[in-house]
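Everything in the sequence shown is counted per the UniProt record's numbering, starting at 1 for the first residue and increasing by one.
Since the structure comes first, as structure tokens, the remarks are kept for the end.
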Amino acid sequence: MSNALAIAAVTQVLKDLLNDGLINNDVTGSLGTTVTVTTTAPDRVDTSVAGEQSQLNLFMYQVSVNSGWRNHNLPSHNAAGERINNPPLALDLHYLLTAYGATDLHPEILLGYGMQLLHDHPILSREAIRKSLQPVSGDNSFSNLPLSLRSLASSKLDEQVELLKITPEQLSAEELSKFWTAFQNKYRPTAAYKVTVVLIESEKSTKVGLPVKERGLYVMPFNQPVIKVIKSQVTAGAPVSDSQPILPGYRLVLEGTQLAAQVVKLHIDGKEIAATPQWLSAGTLAFTLPADISAGVHGVQVSHPVNMGNPPVLHAGAISTAEAFVLHPQLTNIQVNNAQGSGTQPRSADITLKINPGVGTTQKVLLLLNEVDSGAPGVTLHAYSFSWAQASPPAPGPFTDIVIPIHNVAAGAYLVRIQIDGVQSVLGTDGNGKYNTPQLVLA
């Protein structure tokens, strides 16, 4: 790659190309006057009647980023901000070739020769670049070069990976007018050219990783598991139902497609569980719910991790979307303590509940009481709800035994439910389908 001297080096090579071409074609002899090639700004060229001379002037008026190379070797830094690469600065150089002359037709003749020389050399060869920038043959020093050229010999322009190409550009009369207005000089015959591409590369130290010792490429088909239906079983071998409430200790039965794989893992709420799936059929698997799953709404997923590396280590693979299920709490014991009130007075008491699974520290708990229907006509049935207040500061959960105070409750028998995060415990029924358990009695 080239360095920062490459822009000036390109201009010098083009100047040398034009100068050699004019000499080889004996343009000076044809015109009968000295012809020079310059690379100065147009506003610095003398166009006065007494001072104008026959000359070709090559002026670089614009530098643009090359669109084909602009993203090469990016990114240049890693996430830690360390330099990992030196991407080249890819530039296109835009030139104006202008002909001057104090005598009629000299500008036209010089512009014709200049355009023909650039047309005959659409690509600047490495040899041509070296010839223009390096010392003459047999002299390894730079003493024979002008001071302005000695530094350009180290531009490394001839070493860049892509050769320089010269192409004409079409400028409208309006664009040329704007240029010469900006130059604040008298207009002369002008042609526009583009030289592409100059690749300038920094020599800053980069952090290079160690070579790959062993390839670890793995190809996996797009085989994402899909859960379509969630059902449940009380125990293994029991009937599978999609309508019965799911209680602690039950087995979840997942039906779907592409559930099977070499390695299958189960996740609840995004966390892998230790349960081992049992395959009931090609698209159906079952597993027992872990004991530490709290009551409430949960999401279950099936994943297919893949063994990679040596020794093999499981890595994340395809995973299904989460499908929701509801785990209902169970009331395993109810006790009424510290009952107060008699006769027609409302009752107060402390209700001690044993709950499975235990209540989490952040879960909201409600005790729901519904008076049992005695069947007597014209009787208004009472219903109450009481919330559970944790101690302050709260102790670590889960809590399997909680106490909820109740007050101003009419005497009688009540069906009892516990509601945790909006999910209620299940009531039992008698042979007639009437709710009858669990109950408490406030005498």
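For glycine and all other residues, C-beta sits at the position ideal for the given N, C-alpha and C.
- Judged by DSSP secondary structure, A318 falls within the beta strand (DSSP E) whose first and last residues are V313 to I319.
- In this structure M308 does not touch Q160 by the C-beta definition: roughly 41 Å separates them, more than the 8 Å allowed.
- Between Q53 and A102, the gap from beta carbon to beta carbon is short of 8 Å.
- The alpha-carbon of L5 is positioned some 23 Å away from that of R44.
- Within a 10 Å sphere around the beta-carbon of Y95 sit 16 or more other beta-carbons, which makes this residue buried.
- Distance from the CA atom of T167 to the CA atom of A79, rounded to whole angstroms, is 40 Å.
- Annotated as distal: A182 and L111, with beta-carbon spacing of 8 Å or more.
- Residue pairing by DSSP places P394 opposite no residue, since no beta bridge is assigned to it.
- The beta carbon of V253 is closer than 8 Å to those of I230, K231, S232, Q233, V240, L280, T284, L285 and A286 in its chain, skipping five residues each way along the sequence.
- P75 and G209 have their C-alpha atoms spaced approximately 15 Å apart.
- Counting only runs of at least 3 residues, the region 65 to 142 fully encloses the following beta strand (DSSP E) elements, listed from N- to C-terminal order: 89 to 100.
- As far as DSSP is concerned, Q224 takes part in no beta bridge.
- The alpha-carbon separation between S342 and V409 amounts to approximately 11 Å.
- By the criterion of at least three beta-carbon pairs nearer than 8 Å, the region 82 to 98 is in contact with the region 55 to 73.
- Residue nearest to K265 within the set P221, F222 and A316 is A316 (criterion: CA-CA distance).
- Counting along the chain, I355 sits inside no alpha helix (DSSP H); it lies in the beta strand (DSSP E) bounded by residues R347 to V359.
- With contacts defined as CB atoms closer than 8 Å, H267 and A295 fail to qualify as a contacting pair.
- Counting only runs of 4 or more residues that sit fully inside the region 18 to 69, the alpha helix (DSSP H) segments are 27 to 31, in chain order.
- The straight-line gap separating the alpha-carbon atoms of K165 and A8 is approximately 16 Å.
- If you draw a 10 Å sphere on the C-beta of G32, you find fewer than 16 other C-beta atoms in it, and that means exposed.
- Annotation for K178: the continuous alpha helix (DSSP H) segment containing it runs A173 to F183.
- Put simply, the backbone Cα of P189 is about 44 Å away from that of K204.
- Taking C-alpha positions only, T257 is separated from V300 by approximately 15 Å.
- Here T276 is exposed: its Cβ has fewer than 16 other Cβ atoms, across all protein chains shown, within 10 Å.
- Counting of Cβ neighbours within 10 angstroms places I23 among the exposed residues, the total staying below 16.
- Straight through space, the alpha carbons of G433 and P398 are spaced by roughly 34 Å.
- Looking only at I227, I273 and V302, the smallest Cα-Cα distance to Q262 is reached by V302.
- Counting of Cβ neighbours within 10 angstroms places F222 among the exposed residues, the total staying below 16.
- Looking at the DSSP output, V195 bridges to L93 and I166.
- Nearest to V423 by C-alpha distance, out of A383, T400, V372 and Q363, is Q363.
- Beyond the five residues adjoining it in sequence on each side, H407 comes within less than 7 Å, by CB distance, of S348 in the same chain, given in chain order.
- The alpha-carbon separation between Q419 and P305 amounts to approximately 37 Å.
- Residue nearest to Y384 within the set Y193, T34 and A413 is A413 (criterion: CA-CA distance).
- N333 has K354 as its beta-bridge partners, per DSSP.
- Counting along the chain, K271 sits inside the beta strand (DSSP E) bounded by residues K271 to I273.
- Using a Cβ distance threshold of 8 Å, L163 and L133 do not count as a contacting pair.
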